[in-house]
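Engineer:
Protein chains in written order, with our numbering: chain A, 30 to 445; chain B, 30 to 445.
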């Protein structure tokens, strides 16, 4: 009998209904909180006016399952049903009408908060709740605390140190956009990266915010640009040598796809290690990094690729078979829940079993330092087998093919 | 005997030494001009301090050829030598020490000028000179005038109307970055797009500026991001329906590579025409465009791909065989001059002859509405033949293969 795959969803969401955050909130911001709750209700009304049929159908069909957003017992049932052993838990569980959002929008669009006091108050409220939530089953959870580092680096360091003490919290999410604060390549953030590296807290950006001020509410432009702005911080760190200064630092870009890595790693490796196209610049760039940019992937840089496209699976060796992590996006409607098993059968049937194991769980276990044995015990009960996915259990990857995925290294003779 | 390819370089540069712009400049800005010239000399001194060996060797080896930056007779000799019949002519001929830059930096980094008066004065000086320069041989030149539209839309309209009257001026370049001015998806620019569409002036962004304020002088981050910021304006127009409102408008992104089109067109086509991944958003996005985003390429959107990489040539059908234009980047050292013939042999030997004709010249002739017969007469004298490039003159493209390049249209059943 084949072993069951340990599936770790690299992209899930949990959170209270906005009003329920009240007991977790610092009393000094209650007036602003009442305003925020009213604004959230108004937001739902507007969504219902535009899209009532779709919203009502989604919420009715998934009524019980959606309570897993805040109920850890129901949540584990949903994970079991989907074949998922462990999960990475971000904020903002309600992607349809935005009701389960941390106070003041401190979740996926945290950069939009302009008042540092509210930014930290909202983050703290969610983090206090998240710590309780993850403590109910810390083996299955890698909770991601909210840390609005752009507003206050020292306070961010303290939040990281607190988060690292909480069972089941394994990372932090920073604002995607730094706005008028310092860019993430700035050395003033170094105490924060140091604290994350030392405590093993994995740093994240997650799709949500982008350069809204320049979109005139044009959703097409937003959707077009959001991947760039989401992966931008990781490249600012990488290309300014942050992973040289903090070799244990890990950074994950979540739900922004993975396809962009193919070209950005090609281009980055050439720029830093394939000098002949860049005569003028090579001299100035060299010295920042000790390895090719692509060589930091799978060590420091990871991609929470969520529900990967077939093209991303085909490109898995150029994106990186050791850095890419599949995810369900539960309980968001654009994800695979509650039909994850069907989707896995559809997309993974023709993949080698070792690649499948890495993409579905092993990369995440390594990235988040999760308890593999405890997860395997859960997977033995709920996880899919190669046979269930329609795979040939004797089909393994060809090392030459894996190496050829990063075709540019040979074609440009890239080296440092 | 095979016909000679008409090579039109989609990316060349010309300009006076900065001091020589004086007679073309409005007298009201002479004080600022003296400061600018002094700053340019200082810039050269700094470059020499860092990189003297390289600069001296480059300038010595190419002394005569570099005078083609401003001497149209020498320039034609350089084009002949390289096998190039026609060319698209941008500002900023000296990419090594920045001496041949329009006043106040009105060329490739025009967005950095904060004073609208200087922005237009610098642009006007270069445009007056460029009109003379192109008039010396308008068949071979597609001169690109400078138009800092972000500062003043009405004045930009007037500049477009003037430029359209000049023999050999066939387009305008706008600032890559709009900074605190309106983004290019804003309807306030519509009179400018209308003027360009009506007069046949092709709009350009050209690699140069990026989000400098956020780089801390980190060249690695700059090089990483400059393609995004260069193609960003074209997508703001495309995705906000500008090519629906102005069907004759053409936009070219120059010297920012072409590779990014593969993934951005895949993603854009899905977002607008492959609804099933985007249930929540599809309803809001649809209606802006009447065609898939990729279908505007080759009609409204073109890519001045400069010295294409082998990978970009391999991907020519996904990038778009009807929208991609090769270029030498003469007289910049990162280009192919004075070894263009060797580079063409190296890169095009195994390509079909019809694809080669499109990439090397026919797409540019169509985009810029150049005089094909007159260019063919020049090409018959200087242009490479398929045999010279080592090609099989009977090797033509396979229509099924061309269609398969945009693989996502079938895989996602994309349609509007």
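Ideal placement from N, C-alpha and C gives every residue a C-beta, glycine not left out. Quick caveat, the model's predicted, so the values are computed rather than measured.
Following the continuous beta strand (DSSP E) through residue 116 of chain A, name the residue where it begins and the one where it ends.
Structural biologist: 115-119
Engineer: Can you tell which of A:37, A:107, A:88 and A:63 has the C-alpha that lies nearest to the C-alpha of residue 49 of chain A?
Structural biologist: Ranked by how close their Cα comes to the Cα of residue 49 of chain A, the residues A:37, A:107, A:88 and A:63 have A:63 in first place.
Engineer: What's the gap between the Cα of residue 431 of chain A and the Cα of residue 350 of chain A?
Structural biologist: Cα-Cα distance, rounded: 8 Å.
Engineer: Kindly indicate which three-state DSSP category residue 225 of chain A falls into: helix, strand or coil?
Structural biologist: helix
Engineer: Using a Cβ-Cβ distance under 7 Å, would residue 478 of chain B count as near chain A?
Structural biologist: Only positions 30 to 445 of chain B appear in this structure, which leaves residue 478 of chain B out of reach.
Engineer: Report the residue from A:66, A:123, A:235 and A:238 whose alpha carbon sits nearest the alpha carbon of residue 91 of chain A.
Structural biologist: Across the set A:66, A:123, A:235 and A:238, the C-alpha of A:123 shows the shortest separation from the C-alpha of residue 91 of chain A.
Engineer: Using only the alpha-carbon positions, how far apart do residue 5 of chain B and residue 324 of chain B sit?
Structural biologist: This structure does not reach residue 5 of chain B, given that chain B is present from 30 up to 445, and the question cannot be answered.
Engineer: Just to confirm before moving on: does the CB-CB distance between residue 197 of chain B and residue 129 of chain B stay below 7 Å?
Structural biologist: No, the pair does not count as a contact, with Cβ atoms beyond the cut-off.
Engineer: Could I get the ranges of all uninterrupted beta strand (DSSP E) runs contained in the region 186-268 of chain B, with 3 residues as the minimum, in chain order?
Structural biologist: 198-202 and 231-235
Engineer: May I ask you to report which of helix, strand or coil DSSP gives residue 327 of chain B?
Structural biologist: coil
Engineer: Enumerate in chain order the residues of its own chain whose CB-to-CB distance from residue 207 of chain A is below 6 Å, with the five nearest sequence positions on each side excluded.
Structural biologist: 179
Engineer: For residue 93 of chain A, which residues of its own chain have a beta-carbon under 6 Å away from its beta-carbon, when the five flanking residues on both sides are left out?
Structural biologist: none
Engineer: If you run the structure through DSSP and keep just helix, strand and coil, what is residue 59 of chain B?
Structural biologist: In the three-state scheme derived from DSSP, where H, G and I count as helix and E and B as strand, residue 59 of chain B is classed as helix.
Engineer: What is the residue span of the beta strand (DSSP E) that residue 353 of chain A lies within?
Structural biologist: 353-355
Engineer: Residue 383 of chain A and residue 347 of chain A: beta carbons closer than 7 Å?
Structural biologist: In this structure, residue 347 of chain A does not lie closer than 7 Å to residue 383 of chain A by Cβ.
Engineer: May I ask you to report which of helix, strand or coil DSSP gives residue 414 of chain A?
Structural biologist: coil
Engineer: Counting Cβ pairs, one atom from each stretch, are 3 or more of them under 8 Å apart for the region 215-230 of chain A and the region 252-261 of chain B?
Structural biologist: no
Engineer: Any C-beta of chain B within less than 7 Å: which residues of the region 245-265 of chain A qualify?
Structural biologist: Within the region 245-265 of chain A, the residues whose Cβ lies closer than 7 Å to any Cβ of chain B are, in chain order, 245, 247, 248, 249, 250, 252, 253, 257, 264 and 265.
Engineer: Under three-state DSSP, which class holds residue 84 of chain B?
Structural biologist: helix
Engineer: Once DSSP output is grouped into helix, strand and coil, what is the label at residue 283 of chain A?
Structural biologist: strand
Engineer: So the candidates are A:163, A:83 and A:271; which of them puts its Cα closest to the Cα of residue 116 of chain A?
Structural biologist: Ranked by Cα distance from residue 116 of chain A, the first of A:163, A:83 and A:271 is A:163.
Engineer: Under a CB-based cut-off of 7 Å, is residue 212 of chain B close to chain A?
Structural biologist: Judged by the 7 Å Cβ criterion, residue 212 of chain B is in contact with chain A.
Engineer: Report the CB separation of residue 298 of chain B from residue 443 of chain B in whole angstroms; it is logged as a contact under 8 Å.
Structural biologist: 5 Å
Engineer: Only counting the same chain, and skipping five residues up and downstream in sequence, which positions put a Cβ closer than 8 Å to that of residue 84 of chain A?
Structural biologist: 76, 77, 125 and 126
Engineer: So, with DSSP's three-state summary, where would you put residue 102 of chain A?
Structural biologist: helix
Engineer: To which residues does DSSP link residue 37 of chain A through a beta bridge?
Structural biologist: A:115
Engineer: What's the gap between the Cα of residue 429 of chain B and the Cα of residue 107 of chain A?
Structural biologist: Computed Cα separation, rounded: 45 Å.
Engineer: Is it the case that the Cβ atoms of residue 168 of chain A and residue 400 of chain A are separated by a distance below 7 Å?
Structural biologist: Residue 400 of chain A is positioned such that its CB atom lies closer than 7 Å to that of residue 168 of chain A.
Engineer: Distance cutoff 7 Å, beta carbons only. Does residue 397 of chain A sit that close to anything in chain B?
Structural biologist: no
Engineer: Leaving out five residues on either side along the sequence, give the residues of the same chain with a beta carbon under 6 Å from the beta carbon of residue 39 of chain B.
Structural biologist: 117, 333, 354, 356 and 393
Engineer: If I follow the unbroken alpha helix (DSSP H) through residue 159 of chain A, where does it start and stop?
Structural biologist: 145-164
Engineer: Which residue comes first and which comes last in the beta strand (DSSP E) that contains residue 170 of chain B?
Structural biologist: 170-175
Engineer: For residue 89 of chain B, count neighbouring Cβ atoms within 10 angstroms of its own Cβ and tell me buried if that reaches 16, exposed if not.
Structural biologist: Residue 89 of chain B should be labelled exposed.
Engineer: Report yes if the C-beta distance between residue 114 of chain B and residue 35 of chain B is below 7 Å; otherwise report no.
Structural biologist: yes
Engineer: Name the two residues that bound the continuous alpha helix (DSSP H) containing residue 397 of chain B.
Structural biologist: 392-397
Engineer: Look at residue 69 of chain B and residue 41 of chain B and say whether their C-beta atoms are less than 7 Å apart.
Structural biologist: No, the Cβ-Cβ distance between residue 69 of chain B and residue 41 of chain B is not below 7 Å.
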